[in-house]
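Protein sequences appear in the order of chains D, Z and L. Counting along the first sequence from 1, when you hit position 258 you're at 257 in numbering that gives the first Met the number 0, and nothing is skipped either side. Counting along the second sequence from 1, when you hit position 147 you're at 146 in numbering that gives the first Met the number 0, and nothing is skipped either side. Counting along the third sequence from 1, when you hit position 237 you're at 236 in numbering that gives the first Met the number 0, and nothing is skipped either side. Below is one structure; the comments refer to it alone.
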Amino acid sequence: MSLLLRRRFFWEEIDLMSLLDILLLVAALLASGLFVLGRGSFAGWLATVVYGLMLAVLAIAGLALDSGVAFIPSAMSFEILGRNLGWRLDGLGWFFALLTVGAAFFASWYGSGEWGRKQKRMGLQHALLALNVLAMLLLLSSGDLLSLFIGWELVSWAAFAIMTQGGGPAVAAAYRYMIYALAGAMAVFAAIMLVQNVTGGLGFADLQTAISAMSTAQVWVLFILFAAGFGVKMALMPFHLWQAPAYSETPGASSAFLNAVSARMGLFALILVLVKLTGLEALGSLAIPFTFMSAKSALMWVAAITMVVPTFIALMQTDARMLLTWHGIGQGGYMLLGVLVGTSLGTAGGLMHVFNYATYQAALFLAVTAVIHRAGTSDLDELGGLITRMPWTYVTLLMGIIGLAGLPPMNGFVSKWMIYKSLLDGGQPLLLIMAFAATLGTILSVYKLIHNIFLGQLRREHQHLKEAPVSMVLPMLILAGIGFVTGFMPGLALNITDIAQRAIGGDMLPHHLGGVTLATGSLNMLWVVGVLIGAIGAGALIFYLLGNRRYEVHQFDNYAGGHFLSADIRYHFSHEFYPGLARVIGPWYRGSIVRAEQGIGILVNVAGDLWQAVFRVAYTPLYMLLVVVLGLVFTGSWGIVP
Amino acid sequence: MNTVPQIIFPVAIPLIAAFLLPIAGRCHAGFGRIFGRAAVLVTFLASALLAWQVAGAGPASSAMGGFKAPLGIVFYADNLAMAFVLLLNIGVWLFWPSGDEDRSGPYTLLLTLLGGGAGLVLSGDLFNIFVFYEIVAVASYGLAASGGSAAGFGASLRYLLLSALGSSLALMGIALVYAAAGTLNLADLALLAPDVLRGPPGAAAFLLLLIGFGVKAELFPVNSWVPEIYASAPVRVTSLLAGIVSKLALIVILRFLVLVFPMPSAYGLLLTLGILGVLAGELAAYRARDLNSTFAWSSIAQLGVIAIAFSIPGPAGIAAGIALALHHAVVKPAFFFIADKWRGDVKLLSGGARTSPLVAALFVLLSLSIIGIPPLPGFWAKYLLLDAAFSSSPAYWLAAAVVLAGAVVEGAYLFRAAGFFYGGPQKGRGAALFMPGELVPAFVLGAVLLVAMFAIAPLGAYITSMAVQAADVPAIAAQILLGGN
Amino acid sequence: MMSYVADFIFMPLIAFVTGLGLVLMARRVRAKIERRVGPPVLQPIYDIVKLYAKKTQISHGIMHDLSIMMLLGGFITAEIFLPVPGFDGLAGEGDLITLIYIMMVPMLGLALGVGSCANPNGSIGISRALTAMLAYDIPFIIAVTGACMAYGTTNLIEIVQIQQAGGPASWGAATMPLLAFGGLLAVHGMMGKEPFEIYIAPAEIATGPMVEMSGKYMGALFIMQCFQLYTIGVIYTTLFLGGGENWPFFLAKVFAVVFISVAVTNVYGRFKTDTMIRWMWKWPTGIALAGLALVMAN
């Protein structure tokens with residue numbers, strides 16, 4: 000690594016620290032510095048600048064990784080209890096690190112201006128954001144299973160800390176998250192200890208050795224522990240219940256950050272452990288007895304269900320934030336599905352979707368936060384008609400939802416197209432149909448989002464709202480702009496995912512600036528977007544040049560059923576936006592997983608109560624007798640039956 | 000191998016001081032208090048010196064009066080024993096009553112506990128162990144009741160009855176052993192055990208000993224006194240009993256297991272009781288509605304985890320158990336100090352983070368460590384446990400699964416309380432403010448925890464060597480027998 | 000380069016003209032069934048000119064205007080990506096999946112425009128339109144998926160070539176009849192013909208997307224209808240009827256597809272939204288899934 004850097008860069012003498020060391024050190028200094036600075040108003044701006052610098056460092060690291068360097072090492076390493084702990088950043092970790100720092104950059108920028116000043120304890124939020132970034136960088140650059148687990152726990156708890164900042168319901172939601180995350184972490188813990196048991200080590204190579212040495216049953220246990228443990232973080236069904244409330248209740252800017260990248264840490268770990276280290280062939284050969292399925296296809300179905308069900312739950316939400324977070328869960332399913340297809344197209348599509356999702360989801364969340372900032376609510380039944388009041392926020396939200404729904408010309412379409420195509424080429428029509436169905440549900444859902452907030456009737460009390468300040472509008476517009484540019488020129492994003500894909504291994508996807516050229520159907524977004532814009536221009540010509548002059552009426556000038564409507568009458572069609580659909584699919588929402596969750600809670604409660612009721616000091620002699628007798632029987636029979 | 004007569008000091012000095020203290024107290028009230036502290040300090044220095052010697056020159060032993068091992072009273076000190084003797088000393092020093100009460104009773108009892116506890120881990124003889132165990136028991140009854148409340152008296156009376164019942168069972172076990180082997184010296188027993196103590200009679204003896212000593216070790220199911228005592232005894236006593244004395248009893252059980260009863264049924268028995276203890280403790284703690292009983296129940300669970308660790312054959316399990324025990328000895332007393340300030344419903348914690356931010360932060364730190372979150376020491380202790388468990392038979396895999404599931408429940412109830420600290424009503428009166436000054440021992444322990452985090456590597460190496468030493472049966476037996484010469 | 004320019008101009012123009020013919024056919028067929036004479040040949044053009052020339056041209060803000068541009072722009076783009084005899088346009092640069100998603104752009108544009116009119120009846124219409132889209136698109140994408148699996152490509156040009164190479168026996172309708180039939184039913188819903196015309200609800204002007212559309216806004220919707228009928232007809236022809244060897248055959252197929260729909264539509268009443276979903280998710284979906292199973296089994 001250092002050799003290559005020497006050849007390529009002029010600061011060859013400065014070789015004391017690798018780029019990764021610089022990154023980690025800067026992140027650590029920033030986090031601790033922000034805790035000390037506390038309420039200082041420039042803390043946010045400082046953090047933003049530092050994130051910008053970190054992005055620059057990452058860009059240099061990216062150049063190095065792109066030139067064929069396998070990974071960037073860290074000088075930091077420990078030897079504890081006979082285990083070596085090391086950190087190094089490879090292409091996969093770099094890709095996620097880039098998104099992490101990028102999301103932190105925009106979230107921090109957004110939080111530094113007017114929005115941050117209205118927040119209670121914004122200094123703490125900035126500090127916790129920096130802590131999250133540090134924890135994620137540690138996770139993403141982990142060099143063995145033990146440092147992976149340590150990073151995993153740090154990320155979980157850092158996220159927990161930032162989730163609690165909302166107070167009230169946020170604390171309850173964060174608590175629920177914490178229990179899920181803890182259970183997942185314990186599963187991962189058990190899994191890595193299983194690996195260590197077989198090979199005596201905790202390096203990444205040991206995992207590969209372990210899998211070839213283990214019996215099928217053991218590999219299954221390992222697979223389930225890893226998939227469930229990491230799956231909790233990316234809210235794979237059925238471990239998804241925590242995510243929407245926890246992310247929704249987090250204060251706006253931090254929430255945009257969490258939404259954009261936090262759940263992706265689970266995806267990173269799944270890719271690392273299951274795809275890169277275990278290998279999809281090994282998963283594919285892990286057959287489920289008496290079925291045609293394997294571990295790989297089972298996980299693909301889980302991903303597909305995660306894609307469809309949360310999307311249709313999102314459709315039924317009445318709060319903008321909840322709607323978006325539920326979609327976030329669903330979008331995670333697309334990414335995992337793409338990666339699991341395993342072809343170069345699928346992997347690239349899944350990874351690109353991670354990138355795209357981060358751009359539009361962050362933009363969407365920042366836009367919704369701007370609405371909350373001005374109108375005071377994100378309840379979809381209490382807004383409407385804000386398009387004239389907050390046009391730039393509207394533009395952001397519009398671009399964001401086009402991306403989320405996966406329509407041209409935004410980047411969300413490209414990655415989804417790649418995933419669809421890989422499913423088709425991979426011979427998975429049913430999964431493809433599920434992906435299509437989820438996209439259709441998304442279109443319905445996001446239209447409701449934009450309609451209920453920005454279209455329709457403007458409320459009297461919102462008549463004099465102003466557009467959000469520049470400090471809020473600019474970051475979100477830039478994010479949406481990135482979404483458009485990488486939709487117009489997906490090659491830019493694919494260059495980035497290439498670095499990650501090379502680290503995962505397998506074939507690379509040949510691509511050009513406009514998309515990919517395949518034997519079975521190509522996509523060139525330069526043409527698609529270019530023609531679309533041109534055609535809309537033609538539509539504009541037809542509209543403006545032909546026909547009579549139009550005249551604009553005021554937003555309040557309206558009628559219905561032959562009567563003029565005044566602004567005092569609330570006629571915004573917002574509640575139960577899809578009644579026909581609700582009548583059909585409404586009864587399908589059984590809430591079985593919610594009830595299963597409640598059931599487990601009740602079980603623990605009853606067991607605890609029962610125990611407390613039965614286990615009293617007065618009865619102890621009885622127990623003593625019982626245990627002695629049972630113990631004598633036990634030991635006796637042990638002696639007789641070896 | 001060496002014989003060291005001063006091995007008696009950690010036991011003798013506090014016991015003698017305990018006799019003298021009432022007399023000193025009679026001369027002058029204040030003098031008694033200072034005398035007691037001075038005695039602890041002297042004991043500590045003597046123990047530290049001994050520990051230094053043991054660490055340098057290897058395990059030491061000594062026979063009282065020069066009588067040879069099978070007949071005489073033998074003491075045996077290795078790194079493990081000395082570590083816990085030192086821990087006990089530090090604990091007694093740290094949890095020495097801070098009030099300026101003039102009664103010499105508690106001081107005497109504390110010194111007795113100190114001497115008895117040291118004797119418990121240093122004895123190389125089954126009967127002496129029993130005697131010291133009784134000394135510790137008597138001291139703890141008195142200490143538990145020293146709060147002066149009616150509830151405290153009632154609780155310690157029930158504790159006494161239970162403990163006496165346990166002791167009689169233990170005595171029965173000792174009788175069984177003696178009947179089978181004709182000796183009570185641990186070294187002799189270690190040599191004779193393969194012939195005479197294998198099979199059901201030996202297992203029955205171990206069971207009786209386990210139940211008997213298990214009362215102090217908070218072992219399932221003879222730990223039902225725990226919530227009551229911990230709720231009513233003064234916090235310093237609670238900390239001492241939960242944090243340290245319980246571990247001494249477990250160390251004794253470990254010695255029995257390693258030296259005398261290293262057979263599958265014995266290991267299986269301890270494992271079963273450990274698993275049940277974890278389940279019972281965590282579930283009951285989840286339903287507890289005040290901090291104090293939460294920690295009492297969770298203490299049961301923690302000791303169950305340690306029992307599971309000790310039930311894993313080989314040094315790896317012992318190392319894990321020692322690490323867990325040391326960690327628990329640091330964390331649990333600190334917890335009890337915090338709980339002492341917020342007696343009553345857990346909801347009273349509401350807003351505690353605003354009035355006492357440091358305490359809330361300490362609470363979170365301790366919680367994270369005891370759940371086992373890296374890179375805090377609790378994680379490494381759990382790591383050792385899982386490492387040992389997964390390299391043993393599948394029964395231990397089940398135990399590991401129970402421990403991990405228990406950690407989730409633990410996180411649930413600890414962070415429910417933390418939620419009250421940090422959440423709670425945003426307006427109005429928060430939980431009562433109190434001076435961090437009253438919590439000095441808790442903060443000291445928290446600091447120890449943080450320091451330990453940066454010293455995991457040397458600590459781990461030290462604990463592992465300790466465990467290897469404690470598992471080396473022939474060497475121990477030889478050393479104890481040598482002590483007679 | 001010149002060929003591209005020709006494609007960009009002629010493909011939408013042909014689509015528009017053909018679309019006018021399709022609209023005319025639909026009205027004529029309906030008139031014949033109702034024993035009326037029906038409109039003259041140029042009636043669709045008269046209608047468009049009339050609407051554009053109207054005095055009442057009410058705009059509800061920029062989004063309302065923009066939606067009209069998106070609506071036309073989306074369909075013009077779709078036409079350029081749809082191969083017809085003699086013109087491949089950009090079909091090589093974006094495949095069938097791209098085309099399907101481009102077709103959703105005008106739908107979204109219409110929805111946004113109607114929403115910004117702030118008329119609750121319009122919003123209700125959009126709610127029904129999107130629900131209907133969810134209903135008919137599920138069987139449609141199953142049919143599309145099955146066809147793509149069978150042809151092994153999503154490239155429209157290749158799909159046409161594969162079918163034309165083997166003659167009518169290799170047409171999608173012959174090789175995968177169940178998919179073709181399921182797709183036809185879905186296409187019927189997609190065209191918004193009875194019994195699936197709840198969202199257009201032409202009989203009740205007070206409720207539906209058109210409620211706030213006056214003058215050239217309505218004219219643009221009319222043009223959109225021409226494009227829509229044409230596009231749907233061509234996609235179906237391309238997928239299942241062998242595409243276009245030459246213009247007469249090609250147009251005959253397109254008109255036939257639309258004719259089937261307009262011929263049967265008049266005997267039906269109107270389904271409620273939920274009835275439509277249930278029906279669409281039961282029959283066409285079931286048939287298409289069966290067809291997919293057959294494709295997968297081969």
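Glycine included, every Cβ here is placed at the ideal spot set by N, Cα and C. Computed from a predicted model, the values in this text were never measured in an experiment.
What number of angstroms, rounded off, separates the C-alpha of D/P408 from the C-alpha of D/A169?
Cα to Cα, D/P408 sits roughly 36 Å from D/A169.
Which whole-angstrom value is the C-beta distance of Z/L119 and Z/V135, which I expect to be below 8 Å?
The pair is a contact, with the Cβ atoms about 6 Å apart (cut-off 8 Å).
Under three-state DSSP, which class holds L/W282?
DSSP places L/W282 in helix when its eight states are reduced to three.
Does the beta carbon of Z/L458 come closer than 7 Å to any beta carbon on chain D?
No, Z/L458 does not count as interfacial toward chain D.
Note down, in chain order, every chain L residue with its Cβ under 7 Å from the Cβ of D/Q242.
Result: empty, since nearest Cβ-Cβ is about 25 Å, beyond 7 Å.
Which class does L/M295 belong to by DSSP, given the choice of helix, strand or coil?
Helix.
Taking any Cβ of chain L, which residues in the region 534-551 of chain D have a Cβ under 7 Å from it, in chain order?
Within the region 534-551 of chain D, the qualifying residues are A534, I535, A537, G538, A539, I541, F542, L545, G546, N547, R548, R549, Y550 and E551.
State the Cα-Cα distance for the pair D/F8 and D/V56, rounded to the nearest angstrom.
Because the pLDDT at D/F8 is just 46, under 50, the model does not fix this residue reliably, and the point stays unresolved.
Alpha carbon to alpha carbon, what distance is there between Z/Y421 and Z/G497?
Here chain Z comprises residues numbered 0 to 484, so residue 497 of chain Z is not present and cannot be evaluated.
Just to confirm the assignment, what range does the alpha helix (DSSP H) spanning L/R29 have?
Here the alpha helix (DSSP H) through L/R29 covers M1 to I32.
Using DSSP bridges, identify the partner residues of Z/D344.
Answer is Z/D289.
Taking the straight line between their C-alpha atoms, what separation do you get for D/L448 and D/M389?
C-alpha separation (whole angstroms): 15 Å.
Give me the subset of the region 185-200 of chain D whose CB atoms are less than 7 Å from a CB atom of chain Z, sorted by chain position.
Within the region 185-200 of chain D, the qualifying residues are M185, F188, A189, M192, L193, Q195 and N196.
Hey, Z/K246 and Z/A328: beta-carbon distance below 7 Å or not?
For Z/K246 and Z/A328, yes; Cβs fall inside 7 Å.
At what residue ranges does the region 80-161 of chain D contain a whole run of the beta strand (DSSP E), taking only runs of 3 or more?
Qualifying beta strand (DSSP E) stretches, in chain order: 82-89.
DSSP three-state label for D/V515, please.
If DSSP states are grouped into helix, strand and coil, D/V515 belongs with the strands.
Using 7 Å as the threshold, is the C-beta distance between D/V187 and D/A209 below it?
Cβ distance not < 7 Å, so D/V187 and D/A209 don't count as in contact.
For D/F289, which residues of its own chain have a beta-carbon under 8 Å away from its beta-carbon, when the five flanking residues on both sides are left out?
Same-chain partners within the cutoff: there are none.
Output the boundary residues of the beta strand (DSSP E) element that contains Z/S499.
Shown here, chain Z extends from 0 to 484; a query on residue 499 of chain Z therefore has no answer.
Identify whether Z/G483 lies in helix, strand or coil by the three-state DSSP scheme.
Only weak support is given to the placement of Z/G483: the predicted model assigns it a pLDDT of 47, under 50, and the value that follows is read from those uncertain coordinates. Note: Z/G483 maps to coil in three-state DSSP.
Tell me which residue opens and which closes the alpha helix (DSSP H) that L/V186 is part of.
Counting along the chain, the alpha helix (DSSP H) containing L/V186 begins and ends at P176 to M189.
Taking the alpha carbon of Z/I479 as the point to measure from, which residue in Z/L190, Z/I337, Z/F43 and Z/G410 has its own alpha carbon closest?
That would be Z/L190, whose Cα lies nearest to the Cα of Z/I479.
Within the 7 Å Cβ cut-off, does L/A25 reach chain D?
Answer no: the Cβ-Cβ gap between L/A25 and chain D never drops below 7 Å.
In terms of DSSP beta bridges, what is Z/A76 paired with?
Partner(s): Z/A59.
Given that D/Y176 touches chain L, what residues does it touch there, using C-beta distances under 9 Å?
Simply none; closest approach about 32 Å.
Looking at chain D, is there any beta carbon in it that lies within less than 7 Å of the beta carbon of L/N154?
Yes, contact with chain D.
Please name the residues in the region 596-616 of chain D whose beta-carbon is closer than 9 Å to at least one beta-carbon of chain L, in chain order.
Those residues of the region 596-616 of chain D that come within reach of chain L (Cβ to Cβ, closer than 9 Å) do not exist; the list is empty.
Would a check of beta-carbon distances place D/W587 closer than 7 Å to chain L?
Not closer than 7 Å to any Cβ of chain L, the Cβ of D/W587 fails to qualify, so no.
Between which two residues does the alpha helix (DSSP H) harbouring D/H372 extend?
That run of the alpha helix (DSSP H) goes S343 to A374.
Apply the 10 Å Cβ neighbour rule to Z/W51 and answer buried if 16 or more other Cβ atoms are within range, or exposed otherwise.
With fewer than 16 Cβ atoms within 10 Å of its Cβ, Z/W51 is classed as exposed.
Thinking C-beta only, is D/A180 closer than 7 Å to D/S155?
Contact flag set, yes.
Please list, in chain order, the chain L residues whose beta carbon lies closer than 7 Å to that of D/N355.
In chain order: nothing, as chain L lies at least about 15 Å away.
I'd like the span of the beta strand (DSSP E) that includes D/F563, first residue to last.
Segment H562 to L564, the beta strand (DSSP E) holding D/F563.
Can you list the residues of chain D that Z/Y421 reaches, using a CB-CB cut of under 9 Å?
By Cβ distance, chain D contributes T163, G166 and V170.
What span of residues does the alpha helix (DSSP H) with L/M69 cover, start to end?
Taken as a continuous stretch (DSSP letters only), the alpha helix (DSSP H) holding L/M69 covers I61 to I79.
Name the one or two DSSP bridge partners that Z/I305 has.
Bridge partners of Z/I305: none, in fact.
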